[in-house]
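In what follows, a structure is listed as structure tokens, so that the remarks can point back to it.
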Amino acid sequence: MKLTDMSSMASLAPGKTSQFYAEEAGPNLLDLQAQSGVARITGGVSPIALALAFQDWFLHLAASPGKQIELMTGLCRPASVGGDARFADSEWNKWPFNVFVTTFASTGQFWQQATSEVRGVAPHHAQVVNFAARQVVDGFSPSNFFWSNPEVLRAARDSKGQSLLAGLANLRQDLRAPLTPAAAHAAVGRDVALTPGKIVYRNELVELIQYEPQGPAVYREPVLIVPSWILKYYILDLSAHNSMVRYLVGQGHTVFMVSWRNPDVRDRNLGMDDYLARGLFDVLDEVARIGATPDVHAVGYCLGGTLLAIAAAALGSGRQACEARLHSVTLLAAQTDFSEPGELGLFIDDSEMNLLDAMMWQQGYLDGAQMGASFQLLNARSMIWTRIVREYMLGIRAERSDLAHWNADATRMPYRMHSEYLKRLFLDNDLAAGRYCVNGKPVALKDIRAPLFVLGTERDQVAPWRSVYKINLLSNASVDFVLASGGHNAGIVSEPGHARRSYRFTAPQPVGQAWVGPDEWLAKAQQAEGSWWPHWQRWLVAHSAAEQISPPAMGAGVTLADAPGMYVLGD
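Residues 158 to 728 (our numbering) are what the sequence shown spells out, left to right.
Written as structure tokens, this is what we have:
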């Protein structure tokens, strides 16, 4: 591509010319073009980062004769797949399948040992190599192949080949018409996002939904929910039986929800400051106006929770003026310290950031499919391999749940916002270090004044619970930390009556209490069966005014449209 040939990019953004992009990139234009080309080929994975990680590991392993002897002697030790559900069928215990399983287990054990505890290897490099080795080993699991999976062979025999034909039909259907965002859009407002409400405010970034009350009296302080803008808000308003919004309204709360507009290339220069100002502070003012009270229970989920924590710190320190006061703050699976981001951090270092930045600069945004590929890779065993076996080999089509529809309803993230998010939070950890600036001045989490309800989930690969727990170390507010069963999404959608749900809790940690580490907290925590929602509801009530009031008028008398609105339908 020539330096002046930017027509493909200009065509994506009306009104922006090739000269605009060239001037925006400055002297790094050629570098950005070259690196964005590499990113398209590799799917955004930096080959340089991988090469550096493997070089670091290999050279240190080569210089570790003790580790090499340990690996050689370890080859003679028996290995087991333990409770691996892939090998639960009794046929795996019979020849020749037991040989396949034993070989697989030994191979996995060898590579786990080989990529762990090699002296001198940088921790990030060790994690990258270990993760890559696990993905390769899992890819060669005998359960993934027709000829070595007794369950697949038995199903084919018993059905006289019909299971394989059904699997082939499933594959052809997915290749022709995969579950796309359009399929999810068709269900919004009909099958999901059903709680009655009105759009009561709209700007270029968000719509604000106010939900209709279900009784003659409500708690004085309204609840404002700020979801992540990585996917659509209605994960918190799915079907009638598992809608958090419906549950809160039914408990007597006035509930507001932020619905983010799906950005496109024209929004490439929207940054974190825009999301904070137009997506949160403006909305807080509207909620205070409509609710006729400055006191708000603010709730943030995932990235929305991180944004809310920044806002709470800015309001507590006086860096931001706002008509609303945060009466309480609830953070659901939201990180505020990014020093231990879990396996998601494997995709984030300076080299990866450089490549992603170049790719997003040319596109103007990070596409939902690109984000989805990263999340699938993090959980490849269940999201890729198990699905291939079940749907394409056994011929069993998984039922498309409302959560699956939501997960397919991908969104984009603007170039500037995502670059700032990765650099300032993930790479530099500015928020935890007190370097994150609002209105040009740094804010600190210790300036949060409102009581905090903080939820982590046990199997969260996006926001690991021990990382979420660190708000106890960084904040001076009273913290009620709860650990729920499940993962980043399913652990949140945990309605009363949901089977096999539980949560752990202790008494809230008061202001001034000595630091209690996450493992010490876990050892002391009580376990309760069932949903954590009623526990949270009791906490909200305890932090609300005793006397209830008549529900505020919808939009204080002015509404724009019926919920779910138009932004949630945007492709």
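For every residue, glycine included, the Cβ atom is placed at its ideal position computed from N, Cα and C. What you are looking at is a predicted structure, and each value in this text was computed from that prediction instead of being measured.
Inset, instruction - Could you give the DSSP three-state label for residue 355: helix, strand or coil? - result: strand
Legend entry - Counted within 10 angstroms of its Cβ, other Cβ atoms place residue 223 as buried (16 or more) or exposed: exposed
Inset, instruction - Could you name the residues that DSSP lists as bridge partners for residue 488? - result: 457, 611
Legend entry - Length at least 4, wholly inside the stretch 636-704: the alpha helix (DSSP H) runs in chain order: 675-681, 690-699
Inset, instruction - Whole angstroms is fine: what's the gap from residue 473's alpha carbon to residue 628's? - result: 15 angstroms
Inset, instruction - Put residue 721 into one of helix, strand or coil per three-state DSSP. - result: coil
Legend entry - Cβ of residue 462 within 8 angstroms of any chain D Cβ: The chain inventory of the structure shown lacks chain D, comprising one protein chain alone.
Inset, instruction - Could you tell me which residues DSSP puts in a beta bridge with residue 363? - result: 417
Legend entry - Minimum length 3: unbroken beta strand (DSSP E) runs contained in the stretch 581-626: 609-614
Legend entry - Same chain, Cβ closer than 7 angstroms to residue 719, five either side skipped, listed in chain order: 355
Inset, instruction - Pull up the distance between the alpha-carbon of residue 201 and that of residue 305, whole angstroms please. - result: 33 angstroms
Legend entry - Segment contact flag, the stretch 319-335 with the stretch 260-270, C-beta cutoff 8 angstroms, min 3 pairs: no
Legend entry - Sub-8 angstroms separation of residue 349 and residue 390 beta-carbons: no
Legend entry - First through last residue of the beta strand (DSSP E) which encompasses residue 382: 380-383
Inset, instruction - Flag this pair as yes or no: are the beta carbons of residue 560 and residue 395 separated by less than 8 angstroms? - result: yes
Legend entry - Simplified DSSP assignment, three categories, for residue 307: helix
Inset, instruction - Please report the residue range of the alpha helix (DSSP H) in which residue 204 lies. - result: 204-219
Inset, instruction - Give me the Cα-Cα distance between residue 711 and residue 673, rounded to the nearest whole angstrom. - result: 44 angstroms
Legend entry - residue 198, buried or exposed, once every other Cβ within 10 Å from all chains shown has been counted against 16: exposed
Inset, instruction - Would you kindly check if the distance between the Cβ of residue 411 and the Cβ of residue 380 is under 8 angstroms? - result: yes
Legend entry - Enclosing alpha helix (DSSP H) for residue 432 [first to last residue]: 429-433
Legend entry - Start-end ranges of the alpha helix (DSSP H) lying completely within the stretch 251-313, minimum 4 residues: 254-271, 280-296
Legend entry - Helix, strand or coil at residue 195 according to DSSP, with G and I counted as helix: helix
Inset, instruction - Report buried or exposed for residue 486, applying the criterion of at least 16 other Cβ atoms within 10 angstroms of its Cβ. - result: buried
Legend entry - 8 angstroms contact criterion, which residue 285 and residue 210 should meet: CB distance rounded: 4 angstroms
Inset, instruction - Report the partner residues of residue 571 according to the DSSP bridge assignment. - result: 522
Legend entry - Inter-residue Cα distance where the pair is residue 161 and residue 196: In this prediction, residue 161 scores a pLDDT of 31, lower than 50, which makes its location untrustworthy; the coordinate-derived value is nonetheless stated afterwards. Distance between the alpha carbons of residue 161 and residue 196 is about 20 angstroms.
Inset, instruction - Tell me whether residue 516 sits in a helix, a strand or coil according to DSSP, three-state version. - result: helix
Legend entry - Cα-Cα separation between residue 617 and residue 392, rounded to whole angstroms: 16 angstroms
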